[in-house]
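Student:
Number of protein chains: 2
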Amino acid sequence: MGAESDFIDALRARATHPSARGLSDDAALFAGHVITHDMLVEGVHYLSSDPPADVAWKLLAVNLSDLAAKGAAPSAALLGYTLGAPAWDMRFAEGLHAALAHFGVTLIGGDTVRTTMGAPRSLGMTLIGRAGPRTPDRAGARPGDCIYVTSTLGDAGLGLKALRAGIDAPALIIAYRRPTPQCTAGVALAPHVSAMMDVSDGLLIDSIRLAATSGVRISIALDALPLSAAARAFAGDDLAARMSAATAGDDYQLLFSMAEKPPPLPCPVTCIGSVAAGAGLTLAYDGRPVALPEHLGWEH
Amino acid sequence: MGAESDFIDALRARATHPSARGLSDDAALFAGHVITHDMLVEGVHYLSSDPPADVAWKLLAVNLSDLAAKGAAPSAALLGYTLGAPAWDMRFAEGLHAALAHFGVTLIGGDTVRTTMGAPRSLGMTLIGRAGPRTPDRAGARPGDCIYVTSTLGDAGLGLKALRAGIDAPALIIAYRRPTPQCTAGVALAPHVSAMMDVSDGLLIDSIRLAATSGVRISIALDALPLSAAARAFAGDDLAARMSAATAGDDYQLLFSMAEKPPPLPCPVTCIGSVAAGAGLTLAYDGRPVALPEHLGWEH
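Chains A and B are the protein sequences, given in the same order. Counting from 955, one number per residue, gives the positions in the first sequence under my numbering. Counting from 955, one number per residue, gives the positions in the second sequence under my numbering.
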């Protein structure tokens, strides 16, 4: 929305160092390392009823996803933590250790603070990874490239919907609470893609950002979006379901462009569109143009 | 307090990487860089009525102070920012740019998030600096060392008191709102000190931490504490005033130990005590022992 864009524009205006990449990226390249900082706010980015170990997993996963999009291998994290109920805190700490161990990340520092009574928790993580031989950004998509996405889209959004409605949909709820960042795929793809980012706010809004930074037009065939069996069972497979999957956010899949076929990956990958000269995003379904929806994704 | 210590202990138990230094330090040493992450919460670490540009200054200053204690030269920052009233946000952005320019720090990334209605802002900053030839920690104080502190103590605590009481005390209020981190002194001192940290939570609590990590006893002469003229004018100069200065926190001065005389510094430096074999902290005033107060400092 306007206020956030204005604030980021105000910061960007003077963030002219090459490492900052104009603050148009999810991560900075600094001294051979890729560094990212993402926050989760209770009631905004996760539900108060989400298990603390899952919140810890998600805090790490969203940062890992930023590094994956840069083809960087994660190594160290700093935690910014708002204390709350001690039992919740301890379960968060246990969950965080398990998640760090799972992904081979070392906790090297951070800060813990108290907040005022009843205030939502605000969690931050800075994640540092070794840059690979090539660090892709959002700027390189070229006319003629295909647009690809890893795994499936829309599961996390449906998981949130299920939680809010009190519906038991385990696979979707796990996708919402414990997203799987595409770390290995990101490292494998980085040398080959023309542009890459992760889909955190929703396919449409993120595709528009990719198109804008690259100075190209992106066309997406909604029919081609990879939906999971669980998502189809929950929400069907019509245009409305596909538009929801394309705007829900919280997917943490990789969105990338390249002219050749992608290298072998440890996850499914699907061509969902193409790049052409021009600007903006166009959508099609069943061979016909589809207007962009008013709500393109999670705009914070 | 207990809950925070338990949480940090739970994190520390498995933070065994050398970079983490057992999480007993304010900053991590990683790949030739010193990295710190500090948070400020509205209503806890600053007043809602503090000017946004001052809050931006303080967020940078508290992180710079951590780097100063490591003798590291600051270079790049990532910002974790909770959006609120747009006018406040814009003034924060302007103030942050001015502060970054003042200290020669580049903003390279971060995250901005919305929070729930009426929640206090929670601000985080990750600051990265180049490590110097030697990175001191809290572990090296040796019997026979003197304990030194830079500049004056207690001004910020009195500034907060003045703000809360509606008393006009400009020098003290500036010390609270716009602390001056001892960046240059930290770099100059790092090769020479046996141990060093910054005084963020209060001289007594921080001295106890230094003594515990070094495995020594520290004795401090409260008479020797450097108080500013503004502090003396505001709160007098008796034992109670000195005890307040030693427990108030928010000073961001450097506390360090060394056997020799400190090198020339761009700020005053005062010997306030000594290191001996043993454990814990002892206080004296006017040549007589003084019991430790119940409240040793800002324990979050």
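Ideal Cβ positions, reconstructed from N, Cα and C, are used throughout, including at glycine.
Name the chain B residues whose beta carbon is nearer than 7 angstroms to that of A/F1057?
Tutor: Position 103 of the first sequence, counting from 1, holds the residue named residue 1057 of chain A. In chain order: nothing, as chain B lies at least about 14 angstroms away.
Student: In chain A, which residues lie with their C-beta within 9 angstroms of the C-beta of B/T1069?
Tutor: As a first step, residue 1069 of chain B is located in the second sequence; it is residue number 115 there, counting from the start. By Cβ distance, chain A contributes V995, E996, G997, V998, A1073, P1074 and S1076.
Student: Could you tell me whether the segment 988–1001 of chain B touches the segment 1227–1240 of chain A, using the rule of 3 or more Cβ pairs below 8 angstroms?
Tutor: No, they do not touch.
Student: Between A/Y1130 and chain B, is there a C-beta pair that is closer than 9 angstroms?
Tutor: Counting from 1 along the first sequence, the entry for residue 1130 of chain A is found at position 176. Judged by the 9 angstroms Cβ criterion, A/Y1130 is not in contact with chain B.
Student: Please report the straight-line C-alpha distance between B/A1116 and B/D1204, rounded to a whole angstrom.
Tutor: The residue you call residue 1116 of chain B lines up with position 162 of the second sequence. The residue you call residue 1204 of chain B lines up with position 250 of the second sequence. The alpha-carbon atoms of B/A1116 and B/D1204 are separated by roughly 14 angstroms.
Student: Report the start-end ranges of each alpha helix (DSSP H) in the segment 1021–1065 of chain A that is 4 residues or longer and not cut off at the edges.
Tutor: Within the segment 1021–1065 of chain A, the complete alpha helix (DSSP H) runs of at least 4 residues are 1040–1057.
Student: If contact means a Cβ-Cβ distance below 9 angstroms, which residues of the segment 1039–1057 of chain B contact chain A?
Tutor: Answer set for the segment 1039–1057 of chain B: A1039, P1040, D1043, M1044, F1046, A1047, E1048, L1050, H1051, L1054 and A1055.
Student: I'd like the span of the beta strand (DSSP E) that includes A/D1152, first residue to last.
Tutor: Against the first sequence, residue 1152 of chain A aligns to sequence position 198. Run containing A/D1152: A1149 to V1153, per the beta strand (DSSP E) assignment.
Student: Could you list the residues in the segment 1201–1228 of chain A with a C-beta less than 7 angstroms from some C-beta on chain B, going in chain order?
Tutor: Result list empty, no residue passes.
Student: Over the uninterrupted alpha helix (DSSP H) stretch that includes B/L1112, give me the two end residues.
Tutor: Indexing the second sequence from 1 puts residue 1112 of chain B at position 158. It spans D1109 to A1119 - the alpha helix (DSSP H) in which B/L1112 sits, taken as one unbroken run.
Student: Does the contact criterion of 3 or more C-beta pairs under 8 angstroms hold for the segment 1146–1159 of chain B versus the segment 1208–1223 of chain B?
Tutor: At 8 angstroms Cβ cutoff, the stretches touch.
Student: Apart from the five residues on each side of it in sequence, which residues of its chain come closer than 8 angstroms, Cβ to Cβ, to A/R1186?
Tutor: Position 232 of the first sequence, counted from the first residue, corresponds to residue 1186 of chain A. Once the five neighbours on either side are set aside, the close Cβ partners of A/R1186 are A1195.
Student: In this structure, does DSSP put B/M955 in helix, strand or coil?
Tutor: Here residue 955 of chain B refers to the residue found at position 1 when the second sequence is read from its first residue. With a pLDDT of only 47 at B/M955, under the threshold of 50, the placement of this residue in the model should not be trusted; the figure read from the coordinates follows. Three-state DSSP puts B/M955 in coil, outside helix and strand.
Student: Does DSSP put A/C1225 in a helix, a strand or coil?
Tutor: For the purposes of this step, residue 1225 of chain A is taken as the residue at position 271 of the first sequence. The answer is strand: DSSP assigns A/C1225 an E or B state.
Student: Counting beta carbon pairs with one atom in the segment 1071–1087 of chain B and one in the segment 1020–1037 of chain B, are three or more of them shorter than 8 angstroms?
Tutor: They touch, by the three-pair rule.
Student: Would the segment 1062–1072 of chain B and the segment 1117–1126 of chain B be scored as touching if the rule is three or more Cβ pairs under 8 angstroms?
Tutor: Touching, no, given that fewer than three Cβ pairs across the two stretches are closer than 8 angstroms.
Student: Given B/V998, which residues of its chain have a CB within under 8 angstroms of its CB, disregarding the five upstream and five downstream residues?
Tutor: Indexing the second sequence from 1 puts residue 998 of chain B at position 44. Counting only Cβ-Cβ distances below 8 angstroms, and skipping sequence neighbours, we find P1074.
Student: Going by other Cβ atoms of all chains shown within 10 Å of its Cβ, with 16 needed for buried, is A/G1232 buried or exposed?
Tutor: Position 278 of the first sequence holds residue 1232 of chain A. Exposed, by the Cβ-count rule.
Student: Name the DSSP bridge partner or partners of B/R1084?
Tutor: One-based indexing of the second sequence puts residue 1084 of chain B at position 130. Note: B/R1084 sits in a beta bridge opposite B/H987 and B/A1027.
Student: In chain B, what lies closer than 7 angstroms to A/L1143 by C-beta?
Tutor: Within the first sequence, residue 1143 of chain A is the residue found at index 189, counting from 1. Chain B residues near A/L1143: none, gap ~21 angstroms exceeds 7 angstroms.
Student: Just to confirm the assignment, what range does the beta strand (DSSP E) spanning A/G1234 have?
Tutor: Within the first sequence, the letter at position 280 stands for residue 1234 of chain A. Its beta strand (DSSP E) spans residues G1234 to Y1239.
Student: Determine, using beta carbons only, whether A/D992 comes closer than 9 angstroms to chain B.
Tutor: To locate residue 992 of chain A, count along the first sequence from 1; it is residue 38. Yes - at least one Cβ of chain B is within 9 angstroms of the one on A/D992.
Student: Within the same chain, show all residues whose beta-carbon is closer than 7 angstroms to that of A/P1087, passing over the 5 residues directly before and after it, in chain order.
Tutor: In the first sequence, the residue the question calls residue 1087 of chain A occupies position 133. P1145.
Student: Using a Cβ cut-off of 9 angstroms (strictly closer), state whether B/T1080 contacts chain A.
Tutor: Along the second sequence, one-based indexing puts residue 1080 of chain B at 126. Output row for B/T1080: interface = yes.
Student: Do you know how far the Cα of A/A1085 is from the Cα of B/E958?
Tutor: Position 4 of the second sequence, counted from the start, is the residue given in the question as residue 958 of chain B. Position 131 of the first sequence, counted from the start, is the residue given in the question as residue 1085 of chain A. Using only the alpha carbons, I get a separation of about 34 angstroms.
Student: Can you pull the chain B residues whose beta carbon is under 7 angstroms from the beta carbon of A/G1034, in chain order?
Tutor: In the first sequence, the residue the question calls residue 1034 of chain A occupies position 80. Here the neighbours are H991, M993, G1034 and G1078.
Student: For B/S1002, name the three-state secondary structure that DSSP assigns.
Tutor: Here residue 1002 of chain B is taken as the residue at index 48 of the second sequence, counted from 1. Coil.
Student: Distance, Cα to Cα, B/E996 vs B/P1040?
Tutor: Within the second sequence, residue 996 of chain B is the residue found at index 42, counting from 1. Within the second sequence, residue 1040 of chain B is the residue found at index 86, counting from 1. Distance between the alpha carbons of B/E996 and B/P1040 is about 16 angstroms.
Student: Could you give the distance in angstroms between the alpha-carbon of A/G1241 and the alpha-carbon of A/A1175?
Tutor: In the first sequence, residue 1241 of chain A corresponds to position 287, counting from 1. In the first sequence, residue 1175 of chain A corresponds to position 221, counting from 1. Looking at the two C-alpha atoms, the distance is approximately 8 angstroms.
Student: Put A/A982 into one of helix, strand or coil per three-state DSSP.
Tutor: Position 28 of the first sequence, counting from 1, holds the residue named residue 982 of chain A. Note: A/A982 maps to strand in three-state DSSP.
Student: What did DSSP end up calling B/G1078 once you bin it into helix, strand or coil?
Tutor: Here residue 1078 of chain B corresponds to residue number 124 of the second sequence, with the count starting at 1. Here B/G1078 sits in strand by DSSP.
Student: Note the first and the last residue of the continuous beta strand (DSSP E) segment covering A/P1243.
Tutor: For this step, residue 1243 of chain A is matched to residue 289 along the first sequence. R1242 to V1244 is the extent of the beta strand (DSSP E) around A/P1243.
Student: Would you say B/F984 lies against chain A (beta-carbon separation less than 9 angstroms)?
Tutor: In the second sequence, the residue the question calls residue 984 of chain B occupies position 30. True, the Cβ-Cβ gap to chain A drops below 9 angstroms.
Student: May I ask you to list the residues that DSSP assigns as paired with B/I1172?
Tutor: For the purposes of this step, residue 1172 of chain B is taken as residue 218 along the second sequence, with counting starting at 1. Bridge partners of B/I1172: B/V1229 and B/L1235.
Student: Please check the pair A/P1097 and A/V1170, which I expect to be a contact at CB under 8 angstroms, by giving their CB distance rounded to whole angstroms.
Tutor: Taking the first residue of the first sequence as position 1, residue 1097 of chain A is located at position 143. Taking the first residue of the first sequence as position 1, residue 1170 of chain A is located at position 216. Correct: roughly 6 angstroms between the Cβ atoms.
Student: Under the rule that 16 or more other beta-carbon atoms within 10 Å means buried, what is B/M993, buried or exposed?
Tutor: Numbered from 1 along the second sequence, position 39 holds the residue referred to as residue 993 of chain B. It is buried - the Cβ of B/M993 has at least 16 other Cβ atoms within 10 Å.
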